[in-house]
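Presented below is the structure to which this report refers.
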Amino acid sequence: MQRADGIVTITLDRPAKKNAIDATMWDELLATFREIGASATDRAVVITGAGGEFCSGADLTGGGGQERHQLAAMRHVGDVCLALARLPQPVVAKVRGVAVGAGCNMALGCDLVVAGPTARFSQIFARRGLSVDFGGTWLLPRRVGLHRAKELALLADIIDATEAERIGLVNRVVADDQLDAFVDDWARRLADGPPLALAMTKRMLNNSMQVTLEEALDDEGAAQTVNFSTKDTMEAMRAFVDKRAPRFEGR
């Protein structure tokens with residue numbers, strides 16, 4: 283994990299295994315997400331992988347040093363997924379190479395997904411005799427619709443970056459030599475935004491398919507009431523009058 287000017291970069295770093303997540307990494311990811319979620323200075327998060335790959339999913343070889351009953355292990359994986367979802371900060375997935383299985387769903391669990399031309403995505407679980415996990419049954423239909431989600435999950439095809447963009451699995455596909463700069467720009471813009479307002483917008487959008495319009499309007503009203511009591515909103519108003527960029531502090 284690296285921090286620079288409010289941006290936290292998390293790099294999945296097992297390149298010899300295409301960054302497959304073992305038990306130790308699940309523990310580290312949970313601790314990292316919880317640490318970031320409690321931070322007042324972390325403003326945006328980027329998740330990427332080492333060695334030109336994003337993540338080949340969970341390591342099914344049995345390595346990692348911890349022994350848990352399978353149900354307990356899956357609950358632990360679920361805790362990691364929830365910790366990612368609960369981050370108040372906006373999160374960008376920067377995807378090169380494979381993003382399959384839990385790795386695919388970790389990318390989808392981010393707020394924005396930017397892929398390079400080498401990116402390949404798959405709900406590969408069925409090929410391993412498994413059903414979908416790491417929140418894929420919740421995330422996929424919200425990204426691509428129910429029937430497309432069933433196609434991806436039941437057939438377990440591998441799709442390239444172009445197809446992923448076409449069906450809405452990713453936000454952007456960017457040339458490999460421009461990918462780092464593009465994600466850096468998005469992360470900087472997010473980190474420079476109003477933290478409280480962005481966190482509330484993120485939460486309401488995540489809840490949008492589970493509430494009525496009336497409930498959504500109530501939530502929006504409550505959020506705006508909070509915003510108008512903050513120094514950040516006052517700063518935004520002053521910056522508009524002064525014709526300058528606002529400087530948000532998250533209070």
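Heads up, the sequence shown is in my numbering, so the first residue is 283 and it goes up one at a time.
Every residue, glycine too, gets a C-beta built ideally from N, C-alpha and C.
Within this structure, are the beta carbons of residue i and residue j separated by less than 9 Å?
{"i": "Leu366", "j": "Cys386", "result": "no"}
{"i": "Ala473", "j": "Ile289", "result": "yes"}
{"i": "Asn488", "j": "Ala498", "result": "no"}
{"i": "Phe464", "j": "Ile440", "result": "no"}
{"i": "Val362", "j": "Ala326", "result": "no"}
{"i": "Ala375", "j": "Met356", "result": "no"}
Write down the C-beta distance between residue i and residue j rounded to the nearest angstrom, noting that I regard them as a contact closer than 8 Å.
{"i": "Val395", "j": "Val414", "result": "That pair is no contact at about 17 Å."}
{"i": "Asp309", "j": "Ile318", "result": "Not quite, the Cβ-Cβ distance comes to about 15 Å (not below 8 Å), so this is no contact."}
{"i": "Ala438", "j": "Ala401", "result": "The Cβ separation is near 17 Å, so there is no contact."}
{"i": "Arg425", "j": "Leu451", "result": "6 Å"}
For residue i, which residues from the same chain have a beta carbon less than 8 Å from its beta carbon, with the 5 sequence-adjacent residues on both sides left out?
{"i": "Asn301", "result": "Leu294, Asp295, Gly331, Ala332, Gly333, Glu335, Phe336, Cys337, Ser338, Gly385"}
{"i": "Ala435", "result": "Gln405, Phe407, Ala408, Val414, Gly418, Thr419, Leu422"}
{"i": "Phe530", "result": "Asp474, Gly475, Pro476, Pro477, Asp514, Glu517, Ala518"}
{"i": "Val359", "result": "Trp308, Ala340, Ala384, Asp415, Phe416"}
Just to confirm my understanding: we take residue i, look at its own chain, exclude 5 residues before and 5 after, and list those with CB closer than 7 Å. What are they?
{"i": "Thr368", "result": "The identity of residue 368 in the sequence shown is Arg, whereas the question assumes Thr. So the list reads Gly319, once near-sequence residues are dropped."}
{"i": "Pro528", "result": "Glu517, Ala518, Ala521"}
Measuring straight from C-alpha to C-alpha, what distance separates residue i and residue j?
{"i": "Gly398", "j": "Val456", "result": "5 Å"}
{"i": "Gly475", "j": "Lys299", "result": "36 Å"}
{"i": "Thr343", "j": "Asp287", "result": "38 Å"}
{"i": "Arg533", "j": "His429", "result": "43 Å"}
{"i": "Phe315", "j": "Asp524", "result": "37 Å"}
{"i": "Arg485", "j": "Ala504", "result": "13 Å"}
{"i": "Ile449", "j": "Ala443", "result": "10 Å"}
{"i": "Leu312", "j": "Ile329", "result": "14 Å"}
{"i": "Arg597", "j": "Ala481", "result": "Only positions 283 to 533 of the chain appear in the structure, and residue 597 is not among them; the question remains open."}
{"i": "Asn509", "j": "Asp501", "result": "12 Å"}
{"i": "Asp507", "j": "Thr291", "result": "Residue identity differs from the one stated: residue 507 is Thr in this sequence, not Asp. When rounded, the distance between both Cα atoms is 32 Å."}
{"i": "Thr225", "j": "Ser511", "result": "There is no way to answer for residue 225, as the model of the chain reaches only from 283 to 533."}
{"i": "Met491", "j": "Lys432", "result": "19 Å"}
{"i": "Gln460", "j": "Pro370", "result": "27 Å"}
{"i": "Asp466", "j": "Met283", "result": "15 Å"}
Taking 8 Å as the cut-off, is the CB of residue i close to at least one heavy atom of the ligand NAP?
{"i": "Glu496", "result": "Absence of the ligand NAP from the depicted structure is noted, as is the absence of any ligand whatsoever, leaving it without description."}
Please work out which residues of its chain come closer than 6 Å, Cβ to Cβ, to residue i, disregarding the five sequence neighbours upstream and downstream, and give them in chain order.
{"i": "Trp468", "result": "Val374"}
Any chance you could list the beta strand (DSSP E) runs of at least 3 consecutive residues sitting entirely within the region 418–459, in chain order? 440–442
Which residue spans inside the region 356–427 form an unbroken alpha helix (DSSP H) run of at least 4? 384–390, 418–426
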